[in-house]
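Following: one structure in structure tokens, then a few remarks.
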Amino acid sequence: MDKEDYNESVNAERDWLLEMIIKITESSNMELGITIHAHGFLVSGIIVNSEGYFDRLGQIFDKGLGGDKERVAVAFKGMGESIGKKSKDSDVRNFLHLKDAKYFHSSGKPIPNSQTILWRGRINEISGFSLGTLNASFE
């Protein structure tokens, strides 16, 4: 990376390294632990590709809905497959998807404290990250 490229990447609104990590997970079934900082919160979880995220989202709706729930789950799964295919063909990433996610309060306690959640956030809203997840006991 030459000096111009470095300066451009330092001043960029988008983190090229985070986008590269997400692109790697999008193009494979690899899951990776990450902790991000966004708007004063730490969020820690496992990066999943778009297909995995929307499949899990459909399962959540499937559990919570009566009647036509199968159709809703299938719709989310199809949405994930479509977005996943487009993501594999593009160099630009706009969202980060996490499973088994937890927010962490400044006290160090996770929110919610008894379960994990699916999380989706805009990449350009993330101010920092570290690889690996934070661990906290659910008390």
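In this text, residue positions in the sequence shown follow the numbering used here: the first is 354, and each later residue adds one.
Where a beta carbon is used, it is the ideal one built from N, C-alpha and C, also for glycine.
Measure how close the beta-carbons of residue i and residue j come, nearest whole angstrom, since I'm counting them as under 8 Å.
{"i": "Ile375", "j": "Leu451", "result": "With 8 Å as the limit, Ile375 and Leu451 do not qualify as a contact, their Cβ atoms being about 11 Å apart."}
{"i": "Thr378", "j": "Gly485", "result": "Not really, about 15 Å apart at Cβ, beyond 8 Å."}
{"i": "Arg367", "j": "Ile476", "result": "6 Å"}
{"i": "Phe482", "j": "Leu371", "result": "6 Å"}
{"i": "Lys455", "j": "Ser397", "result": "6 Å"}
Please list the terminal residues of the continuous alpha helix (DSSP H) segment that includes residue i.
{"i": "Val378", "result": "Position check: residue 378 holds Thr in this sequence, whereas Val was assumed. Where Thr378 is concerned, the enclosing alpha helix (DSSP H) stretches over 369–379."}
Excluding the 5 residues flanking residue i on each side, which residues of the same chain have their C-beta closer than 6 Å to its C-beta?
{"i": "Ser480", "result": "His390"}
Which of helix, strand or coil does DSSP assign to residue i?
{"i": "Leu410", "result": "helix"}
{"i": "Ile476", "result": "helix"}
{"i": "Ser467", "result": "coil"}
{"i": "Glu492", "result": "Bear in mind that the predicted position of Glu492 carries a pLDDT of just 48, short of 50, making it unreliable; the figure below should be weighed with that in mind. Glu492: coil per DSSP, three-state reduction."}
{"i": "Ser459", "result": "coil"}
Over the uninterrupted beta strand (DSSP E) stretch that includes residue i, give me the two end residues.
{"i": "Val396", "result": "394–400"}
{"i": "Leu385", "result": "385–391"}
{"i": "Gly481", "result": "481–484"}
Suppose the cutoff is 7 Å on Cβ atoms and the five residues either side in sequence are ignored; what does the same chain contact list for residue i look like?
{"i": "Met383", "result": "Ile377"}
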